[in-house]
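If you're matching positions, the sequence shown starts at 670 in our numbering and goes up one per residue.
We treat Cβ as the ideally placed atom computed from N, Cα and C, and that holds for glycine.
In this text the structure is predicted, and so the values were computed from the model without any measurement.
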Amino acid sequence: MNINIKTKTWEDMRSSARRIFPVIGAVVAGAFSLGQIQAPVHAEEATWGPTRPTYTWKNPADHVTFNSMTDNPEIGNESNFVRVRKAGTHDPFVDNVTVEAGAEYEVSVYYHNNASAKLNEGDRRGIAENVRLYMNKITDRLNPGEAALIKGTITSSNATPKMVWDTAYLNSKETVSLRYVPNSAKLTNSGSLNGTILNDDALFGKDGGTFLGYSKGYWGMIPGCNEFAGHVNFRIKVDKAGFTGEKTASKENMNDYRTEITVAPGETIDFKLRYKNTGTTIQRGVSAYDLLGTGMTAIPGTTFLKTPRSAGFEKENLFKNGFNIGDYNAGEEAFITYKVKFSEDEKIFPCGDTVTYNNSAIAVLDTTIHSKVKVTVHRDCADKPKTPNTPKELPHTGASETVLAVVVTAMIGIGIAYYIASTKQLKALEKQHEDKE
């Protein structure tokens, strides 16, 4: 498809470019400011291709070629034409960005037919034809330390080389998900196609990519010279698929939930399982499951599910294969409560303390979180005969007292006899003393 340079459309293209583009280049302000695109932070890490002849602002190419100038006043070296920054900021566009969960990032792809403007006249060999842009599909998941490759390729049927490509990177320090923001790809230039929203499927390679253009009715055609250059910007959302699952228990109807509890055989306890979406994106098909410990029996008809949109009793599938509790937006939560009775069987819970656990699980896609409650079942032991302690006082009756009395009497008798003998001996000594006198 060729352009008739004598038509009014061609004149409109030239005049509008001369009228509008210099203003953009001088002011470089607003959403489509090319001037906000700065030199890359890590240009040496970027990958681009193919190797090709280069040109300068003062010495453009003598044929159609894209992004081969080394001194573009707006972006510097044009081989580095795919860049990224955090959306909604005035940060410079760079090759490498470390992402944050919940944030959006803006990708900018610059294009410029480096052919001299004078080649647009005459045989029109400076006008690029069938110009397309396609982006490689971006990975939907990043693990800590990994980087997502953002690769853009510009093609043209009459360019040399026929395609050029460049890359940028989204790095992550945590596990996150990446997703393209639908209908966010916008074409920006100084022509009548400025502000056009590009087809998402075509942008990511369907039918060879999305056409680029300058004027309505001439998709795929870009004349040579910087006044016909432009860029395509789109956004990527960074999501974190985080969630929690917490299991607690309370004495029946006391609403005092905790992760450890002491119960008696035959007692009924209230259990609660809480799920919360702590990520930044919707979580679909959340599943819950509960594994009752030995000696525990769920009381039928007590399983109750409360979500942001509904509340009601559920069947007993929670204790069989589990069940789907629905979809949840970021920050939403759900509660499952039910009653469990503990067995009175002394073989299961003998006297003393028996520790058992009630385990639960919450699953989202391929991620499962387990939680449990520690239950101590206490059974009082029956009274047993106690071995008597040695009395602090001796007993006053019985055989032992008789024996002790005999011993004491004997000791007294011995003492009296000794006393009498001693008295007689003393008197004899006194008499001998008197006779001597």
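Which residues mark the beginning and the end of the beta strand (DSSP E) in which D959 is found?
Per DSSP, D959 belongs to the beta strand (DSSP E) from 952-960.
Taking the Cβ atom as the reference point for each residue, do K1010 and T937 lie within a distance shorter than 8 Å?
Yes; because the gap between Cβ atoms is below 8 Å, this pair is in contact.
I'd like the ranges of any alpha helix (DSSP H) spanning at least 4 consecutive residues and lying wholly in the stretch 858-908.
For the stretch 858-908, whole alpha helix (DSSP H) runs of length 4 or above, ordered along the chain, are 869-872.
Starting from D792, follow its DSSP beta bridges and name the residues at the other end.
In the DSSP assignment, D792 is bridged to no other residue.
According to the neighbour-count rule (16 or more other Cβ atoms, all chains shown, within 10 Å of its Cβ), is S777 buried or exposed?
By the 10 Å Cβ count, S777 comes out buried.
Sequence ranges, beta strand (DSSP E) only - wholly within the stretch 978-1054, length at least 3:
Those beta strand (DSSP E) runs which fall completely within the stretch 978-1054 and span 3+ residues are 980-982, 992-997, 1002-1011, 1021-1033, 1036-1048.
What residues in its chain sit with their C-beta under 6 Å from that of G935, if we drop five residues either side in the sequence?
Within its own chain, the residues whose Cβ lies closer than 6 Å to the Cβ of G935, once the five positions on either side in sequence are excluded, are E1013, listed in chain order.
Express the C-alpha separation of T949 and G911 in angstroms, rounding to a whole number.
Roughly 8 Å separates the two Cα atoms.
Determine which residues share a DSSP beta bridge with E929 and list them.
K1043, per the DSSP bridge assignment.
Quick check on G821: buried or exposed, where buried means 16 or more other Cβ atoms within 10 Å of its Cβ?
Taking every protein chain shown into account, the CB of G821 has 16 or more other CB atoms within 10 angstroms, so this residue is buried.
State the start and end residues of the unbroken beta strand (DSSP E) segment that holds I819.
That run of the beta strand (DSSP E) goes 816-824.
Rounded to the nearest angstrom, what separates T829 and T734 at their Cα positions?
Using only the alpha carbons, I get a separation of about 5 Å.
For E775, write down the residues that DSSP places opposite it in a beta bridge.
The partner list for E775 (beta bridge, DSSP) reads R754, R904.
Would you say the stretch 808-817 touches the stretch 844-864, given that touching needs at least three Cβ pairs under 8 Å?
The answer is yes - the stretch 844-864 touches the stretch 808-817, with three or more Cβ pairs under 8 Å.
Evaluate the contact criterion for the stretch 863-879 versus the stretch 754-761: three or more CB pairs, one atom per stretch, below 8 Å.
These segments do not touch.
From G981, G899, S956, pick the residue whose C-alpha is nearest to that of N741; which is it?
Relative to the Cα of N741, the nearest Cα in the group G981, G899, S956 belongs to G899.
Per DSSP, which one or two residues make a beta bridge with D740?
Answer is none; D740 lacks a bridge partner.
Reference G874; option with closest CA among W888, S884, T836, I823:
Closest by alpha carbon: I823.
Can V1111 and A918 be called in contact, C-beta distance under 8 Å?
Since the first residue shown for the chain is 670 and the last is 1106, residue 1111 is missing from the structure and cannot be characterised.
Burial state of G877, where buried means 16 or more other Cβ atoms lie within 10 Å
In this structure G877 is exposed. Its beta-carbon is surrounded by fewer than 16 other beta-carbon atoms within 10 angstroms.
G1000 versus N946 - alpha carbon distance
Approximately 5 Å, taken between the alpha carbons.
Contact check, K1016 vs E921, beta carbons under 8 Å:
Not closer than 8 Å, so no.
Are I951 and Y1026 close, meaning C-beta to C-beta below 8 Å?
No, Cβ-Cβ distance for I951 and Y1026 is not below 8 Å.
Any contact between the stretch 790-800 and the stretch 890-898? By contact I mean 3 or more CB pairs, one from each, below 8 Å.
These segments touch.
Taking a contact to mean a Cβ-Cβ separation below 8 Å, would you say V1188 touches E769 in this structure?
The question about residue 1188 has no answer, for the chain in this structure spans 670 to 1106.
Out of S1040, V1046, E1002, which has the shortest C-alpha to C-alpha gap to F1018?
If we check each option's Cα against that of F1018, V1046 comes out closest.
Per DSSP, T966 forms a beta bridge with which residues?
Within the DSSP secondary-structure output, T966 pairs in a beta bridge with K1010.
Could you give the C-beta distance for K975 and F940, rounded to a whole number, given that I count them as a contact under 8 Å?
That pair is no contact at about 14 Å.
Looking at V766 and L839, is the spacing between their C-beta atoms short of 8 Å?
Cβ atoms of L839 and V766: closer than 8 Å.
Span of the beta strand (DSSP E) around R943:
Note, R943: beta strand (DSSP E), 937-946.
Is G1082 helix, strand or coil by DSSP?
In this prediction, G1082 scores a pLDDT of 45, lower than 50, which makes its location untrustworthy; no coordinate-derived value is stated.
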